[in-house]
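Chemist:
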RNA sequence: GUGACCGUAGUUCAAAGGUAGAGCCCCAGAUUGUGAUUCUGGUUGUUGCGGGUUCGAAUCCCGUCGGUCACCCCA
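In structure tokens, the structure reads:
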């Protein structure tokens, strides 16, 4: 047993986990580009003030922060939206609007780790800046839905919970509640399904409301509420509205959200949120001290809960298994049956690799049976045997268990031809 | 940051105050040019770490670190 362990809340990526991480990131990237988003990246560390002042209490309580050697207050980013706002406002005139950017990278939050929740996670961020309104939110929600579907997660497996903070502000106005209570009130709504009813009632009464009033308003807030009309029309036109459910209890903890807010949840396993986002029309102005007043919206999806869901969702497992196999398998294993042929084998290996064929082979003398076992273990499609027949070599299809003899001089062409044919059997890489 | 439960070989788990074990994995051989199965042999632990109680501690107590869960809230 090693004396050293990973730091609390951090994880090792052994090859299998690394393949999963890469599969998730690559899928995010492919779908985001399909939507016309371009990739950017921000620093992993930022001045602590950037988050302390802009993100709100929920995030600042779990900042992974420290002082550097020059005594500067530094924070490992808990999210990238403030960095994005800083970057976008700093050079906003360089980019045509709307700006559609995405980012994939690690984020850090100092909290108690448990399943689906570590201190380090990889996040996919998609944001649209310089354009506000239902079309922007619809584009982002659509991207979130298609991302889930690309993983093989279907409408039976996940739901978008959608709300709009403005409907609650309208409710407070209607009830003549002072605006200063808005933050407290939203916090109560956020917890209304988790907190004890009598405590909720007590808190509501303190600001001049009752649970009954709030419940009645929630019950009357459905997809026909005017606040969702444009969004509904847009997503219905795309054929995606069935993925959306109005849920007035979604308000989100981050302070900067202004109107539309949404979260992505799985439907079958009771996991934590897969993704969340909304519009944040005032953040750019805040970050730039009022110099750039640019509306914006975006969402973030994490890799940890998503990874758990993919492993548990039948529809997603096949794509996942295929991706993991592709990451660990090779095209052909070279069997050196006669050590005297090793130089010839190395020459062919070099040519095959130059042609892009994924090749492995034994470093030292090994029995042929062992070498075929190694080929099997490496999930190779073919074994290429260099032995007494040289300059002929034997190419064996390890799935079909058939073999042919080809001249060593043409092995590259022959193997490429065979690789181009569809693999028979379950080992489709 | 607070509370609850847990921590034994690479891994999954036994051993309930009396000498730390098994399956799997890994390595080698049976098998000197073909993948399975089977069989044989082999490597591995200051029982997370540090104290304490005891003739004796994996086992009981305290602390600490880590994991899981709840609070919190979400990626």
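In my numbering, the protein residues as written are 1 to 429.
Ideal placement from N, C-alpha and C gives every residue a C-beta, glycine not left out.
Computed from a prediction, not measured in an experiment: that's the story for all the values here.
On a Cα-Cα basis, can you pick out the residue from 375, 294 and 351 that is closest to residue 416?
Modeler: Of 375, 294 and 351, the residue nearest in Cα terms is 351.
Chemist: Between the Cα of residue 227 and those of 209, 162 and 211, spot the shortest distance and give me the residue it belongs to.
Modeler: Per the Cα distances, 162.
Chemist: Based on the DSSP secondary-structure assignment, which residues constitute the bridge partners of residue 122?
Modeler: For residue 122, which the question treats as bridged, DSSP gives the partners 106.
Chemist: Can you tell me whether residue 234 is buried or exposed, with buried defined as 16 or more other CB within 10 angstroms of its CB?
Modeler: Result: buried.
Chemist: What separation, rounded to the nearest whole angstrom, lies between the Cα atoms of residue 140 and residue 159?
Modeler: Approximately 14 Å between the Cα atoms of the pair.
Chemist: According to DSSP, what are the bridge partners of residue 161?
Modeler: Per DSSP, 245 and 263.
Chemist: Identify every run of the beta strand (DSSP E) within the stretch 280-357, keeping only runs that are complete inside it and at least 3 residues long; order them along the chain.
Modeler: Within the stretch 280-357, the complete beta strand (DSSP E) runs of at least 3 residues are 296-302 and 332-336.
Chemist: By Cβ distance, which residues of its chain are closer than 6 Å to residue 428, with the 5 residues on each side in sequence left out?
Modeler: In this prediction, residue 428 has a pLDDT of 40, which is less than 50 and means its spatial position is unreliable; nothing more can be read from the coordinates.
Chemist: What would DSSP say about residue 188, mapped onto helix, strand or coil?
Modeler: Note: residue 188 maps to helix in three-state DSSP.
Chemist: Are the CB atoms of residue 264 and residue 418 within a distance shorter than 8 Å?
Modeler: Going by C-beta atoms, residue 418 is not nearer than 8 Å to residue 264.
Chemist: Quick one: Cα of residue 191 to Cα of residue 100, how far?
Modeler: Their backbone Cα atoms lie some 33 Å apart in a straight line.
Chemist: Mind checking which residues open and close the alpha helix (DSSP H) that includes residue 43?
Modeler: Neither: residue 43 is in no alpha helix (DSSP H) and is coded neither H nor E.
Chemist: Expressed to the nearest angstrom, what Euclidean distance is found between the alpha-carbon atoms of residue 257 and residue 250?
Modeler: One C-alpha to the other measures close to 12 Å.
Chemist: Are residue 298 and residue 277 closer than 8 Å when you measure CB to CB?
Modeler: Contact flag set, yes.
Chemist: Which class does residue 134 belong to by DSSP, given the choice of helix, strand or coil?
Modeler: Correct three-state label for residue 134: helix.
Chemist: In three-state terms, what does DSSP make of residue 10?
Modeler: If DSSP states are grouped into helix, strand and coil, residue 10 belongs with coil.
Chemist: Could you give the first and the last residue of the continuous beta strand (DSSP E) run that contains residue 407?
Modeler: Per DSSP, residue 407 belongs to the beta strand (DSSP E) from 402-407.
Chemist: Identify every residue that forms a DSSP beta bridge with residue 101.
Modeler: For residue 101, which the question treats as bridged, DSSP gives the partners 38 and 127.
Chemist: My assumption, with CB atoms under 8 Å, is that residue 309 sits in contact with residue 266. Please give the rounded CB distance.
Modeler: Yes, they are in contact, since the Cβ atoms of residue 309 and residue 266 sit about 5 Å apart, within 8 Å.
Chemist: Output needed for residue 2: all residues of its chain with C-beta closer than 8 Å, excluding positions within five of it in sequence on either side, in chain order.
Modeler: With a pLDDT of 43 at residue 2, under the threshold of 50, the predicted position of this residue should be treated as unreliable, though the coordinate-derived value follows. Counting only Cβ-Cβ distances below 8 Å, and skipping sequence neighbours, we find nothing.
Chemist: Alpha carbons only, please: which of 5, 334, 372 and 14 is nearest the one belonging to residue 360?
Modeler: Taking only the C-alpha atoms, the option nearest residue 360 is 334.
Chemist: In whole angstroms, what is the alpha-carbon distance linking residue 255 and residue 22?
Modeler: C-alpha separation (whole angstroms): 32 Å.
Chemist: For residue 164, which residues of its own chain have a beta-carbon under 6 Å away from its beta-carbon, when the five flanking residues on both sides are left out?
Modeler: Taken in chain order, the residues that qualify are 227, 259 and 260.
Chemist: Helix or strand or just coil, what does DSSP make of residue 485?
Modeler: Residue 485 is absent from the structure shown; the chain starts at 1 and stops at 429.
Chemist: Once you ignore the five residues that flank residue 110 on each side, which residues in its own chain have a CB closer than 7 Å to its CB?
Modeler: Cβ within range, chain order: 62, 63, 64 and 119.
Chemist: What did DSSP end up calling residue 50 once you bin it into helix, strand or coil?
Modeler: Helix, per DSSP.
Chemist: Which one or two residues does DSSP pair with residue 114 in a beta bridge?
Modeler: Residue 114 is bridged to 117.
Chemist: Would residue 121 be called buried (16 or more neighbouring beta carbons within 10 Å of its own) or exposed?
Modeler: Per the 10 Å Cβ criterion, buried.
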